[in-house]
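Asker:
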Amino acid sequence: MAGSNPNAKPMNLTLKVWRQKNRNADGQIVDYQVKDISPEMSFLEMLDVLNEDLLRRGDDPVAFDHDCREGICGSCNLFINGRAHGPEAGTTTCQLHMRKFSDGDTITIEPWRANAFPVNKDLSVDRSAFDRIIQAGGYVSVNTGGVPDGNEIPIPKDIADRAFEAATCIACGACVAACKNASAMLFVSAKVSQLALLPQGQVERKTRVENMVAQMDKEGFGACSNIGSCAAECPVGISLENIAILNREFLSAKATSNNLA
Amino acid sequence: MILDSKIPEGPIAEKWEKHKFNVKLVNPANKRKYDIIVVGTGLAGASAAASLAELGYNVKAFTFHDSPRRAHSIAAQGGINAAKNYQNDGDSIFRLFYDTVKGGDYRAREANVYRLAQVSVNIIDQCVAQGVPFAREYGGLLANRSFGGAQVSRTFYARGQTGQQLLLGAYSALSRQVAYGKVKLYTRTEMLDVVVIDGKARGIITRNLITGEIQQHSAHAVVLATGGYGNVFYLSTNAKYSNATAAWRAHKKGALFANPCFTQIHPTCIPVSGDYQSKLTLMSESLRNDGRVWVPKEKATAERLRKGEIRVSDIAEEDRDYFLERKYPAFGNLVPRDVASRNAKMMCDEGRGVGSSGLAVFLDFADAIKRNGADWVSQKYGNLFDMYAKITGENPYEQPMRIYPAVHYTMGGLWVDYNLQTTVPGLYATGECNFSDHGANRLGASALMQGLADGYFVIPYTIGDYLAQTPPTPVTTQHPAFAEAEAEVRARIQQLLSINGTRTPDDFHKQLGQIMWEYCGMARNAEGLRHAKQEIQKLRQAFWSDLKLVGTSEELNQALEKAGRVADFLELGELMVDDALDRNESCGGHFREEYQTPEGEALRDDDNYAYVAAWQYTGDNQPEVLIKEDLQFENVKLTQRSYK
Chain A
0 MAGSNPNAKP MNLTLKVWRQ KNRNADGQIV DYQVKDISPE MSFLEMLDVL
50 NEDLLRRGDD PVAFDHDCRE GICGSCNLFI NGRAHGPEAG TTTCQLHMRK
100 FSDGDTITIE PWRANAFPVN KDLSVDRSAF DRIIQAGGYV SVNTGGVPDG
150 NEIPIPKDIA DRAFEAATCI ACGACVAACK NASAMLFVSA KVSQLALLPQ
200 GQVERKTRVE NMVAQMDKEG FGACSNIGSC AAECPVGISL ENIAILNREF
250 LSAKATSNNL A
Chain B
0 MILDSKIPEG PIAEKWEKHK FNVKLVNPAN KRKYDIIVVG TGLAGASAAA
50 SLAELGYNVK AFTFHDSPRR AHSIAAQGGI NAAKNYQNDG DSIFRLFYDT
100 VKGGDYRARE ANVYRLAQVS VNIIDQCVAQ GVPFAREYGG LLANRSFGGA
150 QVSRTFYARG QTGQQLLLGA YSALSRQVAY GKVKLYTRTE MLDVVVIDGK
200 ARGIITRNLI TGEIQQHSAH AVVLATGGYG NVFYLSTNAK YSNATAAWRA
250 HKKGALFANP CFTQIHPTCI PVSGDYQSKL TLMSESLRND GRVWVPKEKA
300 TAERLRKGEI RVSDIAEEDR DYFLERKYPA FGNLVPRDVA SRNAKMMCDE
350 GRGVGSSGLA VFLDFADAIK RNGADWVSQK YGNLFDMYAK ITGENPYEQP
400 MRIYPAVHYT MGGLWVDYNL QTTVPGLYAT GECNFSDHGA NRLGASALMQ
450 GLADGYFVIP YTIGDYLAQT PPTPVTTQHP AFAEAEAEVR ARIQQLLSIN
500 GTRTPDDFHK QLGQIMWEYC GMARNAEGLR HAKQEIQKLR QAFWSDLKLV
550 GTSEELNQAL EKAGRVADFL ELGELMVDDA LDRNESCGGH FREEYQTPEG
600 EALRDDDNYA YVAAWQYTGD NQPEVLIKED LQFENVKLTQ RSYK
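Line by line, the protein sequences give chains A and B. In terms of numbering that gives the first Met the number 0, the first sequence has 142 at position 143, counting the first letter as 1, and numbering is strictly consecutive. In terms of numbering that gives the first Met the number 0, the second sequence has 167 at position 168, counting the first letter as 1, and numbering is strictly consecutive.
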């Protein structure tokens, strides 16, 4: 912001960027120089500068996913200097600002690395596996209409708050990228916890967790080894406690399964 | 052409019930014989796709995102209105209706707004049933807060992430139908044209953004839920991909475009910091419940502050001008958005703005923190305060936020009748994509309400009326109109790729944005608008002769995607200017400097301009034809809007 730091000096940086033409091509790290980067820019605005420059010179701009640039849509997903969403805790890539870097820095930018997230091009990956996990059961099966009045389902505030905390997952996939096993447990657990906590989720509680975990395994995500890097790198602070809830939900569902499918 | 809004007869409170009874029904066994295309998976699209699939129709849902959950509805912060009157503070369906018509400065259709208020109560029930974790009181019941333009507390919310939670609810319903096989989901697929056969919408042409493959999709009806066009201005609170292409393509295929100049400038956004700025970030209107808006009383004080000679804390209480509280004692900081924005601009124009550019006012939480503590403020607004700190590097718990108005929402959009059908039979528009409910200014927390009302509770009824009169024989892509539309789409892409000039799509987009903001933004006048029209025409010529792209269409090519959208913005921008020039009055977000009261408020001309301006496309570079739908006000008395 002009005014917040009038003395901030523009920076020159070296970028090491993963370039890969398409899903089947081999990729490689390519070096780029960017100049006169304002510390007030967002990380993605810095990449915009690079891309405008590349396009003007007739080179292919770097493909990356982004959209809202407010930290809520979950589109942006860069692996920066070996960390999902970069060096600042609790921050999506779009909310990371260049004031976190220094003049002369070299910054390595890679896509999420996981078998279940194949690369589309450069830094853009395919996260449709997450959609398929939700399709396996991440909902309450109610049709439109014919539901009771909102206040006929009272929910204790602390339960509602906990369900909300779990429901704030933005499905960016940082948890998968941060995990050495590329496990999706934190993502799955957030949805399972939200609905297991709420009265609306009780009817399908068992089948939901069984079906979602089965789909997660089918998609090729790795197992959880309880290291917790997922929660440490989660930009919206989804708690590791959710994985404990998921494990409990899964075991108790399996022990008393009414999943007839 | 004469526009028939198809408003049902009878008293306003009975219109919708009667209409629901009168519309034709498709029997349950026949529903599976009909295919419906829904473009867009935000609140309006996901809710429509899910609800239509639940009824038994075969739905194809399209999104250019990698997942339906990324649609920009996700970013809505503050809340959703509903006339539940849970607070026992005097709310009712009529009051929500009245507030919305008045807030829209009497340029909305009464019957549509009344229906919106009626179904608002069902939306909350539906979302709760889906497991949307709304804020609750300690007794376990739903909590409410206040929003601008209302004196009752009717806004339901989930901290500062209401849009996210509502969209995830609609996304979950959609996902369930995908699992059942009733919805076929196409992600990373952009709609590039509508296919019209014998005057009826029968399909769309799409491009797969990863492979570049062009596809034809047929259906018995097409629903566009593709959002607004605020990104015409380049800088807005819209997401980067938000665009007008689907609506504009439909317009060029015969759908009239209504009130294009009605754009909403939101008063509380984080100010621009530099020319690299790629988008603007909203700070929710809910902040005006507890934040107080002010600038220094004296110009000299503001100047010293901007130069860094003094700090905010050096300005004594009596030297601060809480201008909204001063000018509008009844509504105070919670005046509607257009009023708040215009006043912020007035303060900055007077030289009393803050921040190094002078284009900002303060939004101050010191009183709320003193009254209730920082924890209380954090509970209510924590994520917004964090976002502000990340973007600006400043701590809003310690010093006031700096805010400035920014383009946020477009009230204009595709013209639709009471059934949400455009002027092309079989083509529907829902949510922000249509023009129908907000008049010249949308009240806060009403966009989520409208998107979900249209998708969950209106279109499932009204589309059945059309389908019941359409033979259930399969629609295929065999008709030559599909091949023709595809050929046009391909030719246009090739044309963009073959210009081989020097300027990037973003470069043109930024310049268009500057023209629009300067001449068709918060304040407009005839001379400026005429100048803007010429500038846009010149820019459009430059675009088609000097655009630079690389690569091909058969790959992920984000610059190519962008170029197609900018090309459409360059046409729509001119229509917005035409519309603003036609409307010789001020109303809501449309402020013509020539038409204002002595106090600087918007001065309407109800005798001459109480109409919807619907524009008809007549050919490339041809003037569009204005067709008027006169607005009848039978239940709300037209008065000068006052929030004093």
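All C-beta atoms, glycine included, are put in the ideal place defined by N, C-alpha and C. Keep in mind it's a predicted model, so treat the numbers as computed, not measured.
(1) Hey, Ala-70 (chain B) and Leu-173 (chain B) are a contact pair by Cβ (cut 8 Å); roughly how many whole angstroms apart?
(2) On a Cα-Cα basis, can you pick out the residue from B:Ser-241, B:Ala-47 and B:Val-151 that is closest to Val-334 (chain B)?
(3) Tell me, to the nearest whole angstrom, how far the beta carbon of Ala-113 (chain A) is from that of Ala-170 (chain A); I am working on the premise that it is less than 8 Å.
(4) Would you kindly work out how many angstroms separate the C-alpha atoms of Ile-237 (chain A) and Leu-184 (chain B), rounded to a whole number?
(5) Under a Cβ-count criterion, where at least 16 other Cβ atoms within 10 Å of its own Cβ denotes burial, should Lys-34 (chain A) be classed as buried or exposed?
(6) Using CA coordinates, which residue listed in B:Asn-143, B:Leu-496 and B:Lys-509 is at the minimum distance from Asn-87 (chain B)?
(7) When you compare each of A:Arg-18, A:Lys-8, A:Val-61 and A:Leu-54 to Asp-506 (chain B) by their alpha carbons, which one comes out closest?
(8) List the whole-angstrom C-beta distance separating Ser-166 (chain B) from Phe-155 (chain B), where the pair is believed to meet the contact cut-off of C-beta under 8 Å.
(9) Taking 7 Å as the limit between beta carbons, can you name the residues of its chain near Lys-5 (chain B), skipping five residues before and five after?
(10) Out of curiosity, what's the CA-to-CA distance linking Phe-163 (chain A) and Thr-13 (chain A)?
(11) Is the stretch 460-477 of chain B close to the stretch 33-42 of chain B, with three or more CB pairs under 8 Å?
(12) Whole alpha helix (DSSP H) runs in the stretch 451-507 of chain B with 4 or more residues, listed along the chain?
(13) Which chain B residues sit within Cβ distance under 8 Å of Arg-14 (chain A)?
(14) When the Cα of Thr-105 (chain A) is compared with those of A:Glu-209, A:Asp-160, A:Met-10 and A:Asp-52, which residue comes out closest?
(15) Below 9 Å between beta carbons is the criterion; list the residues of the stretch 94-115 of chain A that meet it against any residue of chain B, in chain order.
(16) Can you pull the chain B residues whose beta carbon is under 9 Å from the beta carbon of Lys-156 (chain A), in chain order?
(17) Check this for me: beta carbons of Pro-399 (chain B) and Val-311 (chain B), under 8 Å apart or not?
(18) Roughly how many angstroms separate the alpha carbons of Ala-484 (chain B) and Val-193 (chain B), rounded to a whole number?
(19) Under 8 Å: do the stretch 284-302 of chain B and the stretch 239-256 of chain B share three or more Cβ pairs, one atom per stretch?
(20) Among all the DSSP beta bridges, which residues are the ones paired with Pro-645 (chain B)?
(21) Looking only at its chain, what residues have a beta carbon closer than 6 Å to the beta carbon of Arg-523 (chain B), apart from the 5 residues adjacent to it on each side?
(22) Which residues in chain A have a C-beta closer than 8 Å to the C-beta of Glu-554 (chain B)? List them in chain order.
(23) Which residues in chain A sit within 7 Å of Arg-175 (chain B), going by Cβ to Cβ distance?
(24) Decide if the stretch 461-471 of chain B is in contact with the stretch 19-27 of chain B; the criterion is three or more beta carbon pairs, one per stretch, under 8 Å apart.
(25) Just how far apart, CA to CA, sit Thr-40 (chain B) and Asp-98 (chain B)?
(26) Look up His-265 (chain B) in the DSSP assignment and say whether it is helix, strand or coil.
(27) Could you give the distance in angstroms between the alpha-carbon of Lys-30 (chain B) and the alpha-carbon of Ala-467 (chain B)?
(28) With H, G and I counted as helix, E and B as strand and the rest as coil, what does DSSP make of Lys-199 (chain B)?
(29) Can you give me the C-alpha to C-alpha distance between Ser-37 (chain A) and Gly-26 (chain A), rounded to a whole angstrom?
(30) List the residues of chain A whose Cβ lies closer than 8 Å to the Cβ of Gly-273 (chain B), in chain order.
(31) Please check if any C-beta of chain A sits within less than 8 Å of the C-beta of Ala-238 (chain B).
(32) Say whether chain B places a C-beta atom closer than 8 Å to the C-beta of Ile-244 (chain A).
(33) Compare the beta carbon distance of Leu-442 (chain B) and Gly-148 (chain B) with 8 Å and say whether it is the shorter of the two.
(34) Does the beta-carbon of Asp-66 (chain A) have 16 or more other beta-carbons within 10 angstroms, so that it is buried, or is it exposed?
(35) Quick one: residues in its chain with C-beta nearer than 8 Å to the C-beta of Gly-227 (chain A), no 5 flanking neighbours on either side, listed in chain order?
(36) Between Val-311 (chain B) and chain A, is there a C-beta pair that is closer than 8 Å?
Answerer: Reading off the structure:
(1) About 11 Å; that fails the 8 Å criterion.
(2) Looking only at B:Ser-241, B:Ala-47 and B:Val-151, the smallest Cα-Cα distance to Val-334 (chain B) is reached by B:Val-151.
(3) Not a contact, Cβ separation roughly 14 Å.
(4) 28 Å
(5) exposed
(6) B:Asn-143
(7) A:Leu-54
(8) Here the sequence assigns Leu to residue 166 (chain B), which means Ser is not the residue at that position. With 8 Å as the limit, Leu-166 (chain B) and Phe-155 (chain B) do not qualify as a contact, their Cβ atoms being about 15 Å apart.
(9) Asp-416, Tyr-417 and Asn-418
(10) Looking at the two C-alpha atoms, the distance is approximately 40 Å.
(11) yes
(12) Correct list: 458-466 and 479-497.
(13) Before going on, a small fix: residue 14 (chain A) reads as Leu here, not Arg. Per Cβ cutoff of 8 Å: no residues; Leu-14 (chain A) is ~16 Å from chain B at best.
(14) A:Met-10
(15) Gln-94, Leu-95, His-96 and Arg-98
(16) Ala-134, Arg-135, Glu-136, Tyr-137, Gly-138, Gly-139 and Ala-142
(17) yes
(18) 8 Å
(19) Segments in contact, no.
(20) There is no way to answer for residue 645 (chain B), as the model of chain B reaches only from 0 to 643.
(21) Ala-579 and Arg-591
(22) Lys-20, Asn-21 and Lys-120
(23) Tyr-138 and Ser-140
(24) yes
(25) 29 Å
(26) strand
(27) 9 Å
(28) strand
(29) 30 Å
(30) Within chain A, the residues near Gly-273 (chain B) are Ala-1, Ser-37, Glu-39 and Met-40.
(31) yes
(32) no
(33) Contact: yes.
(34) Asp-66 (chain A) should be labelled buried.
(35) Leu-239
(36) no
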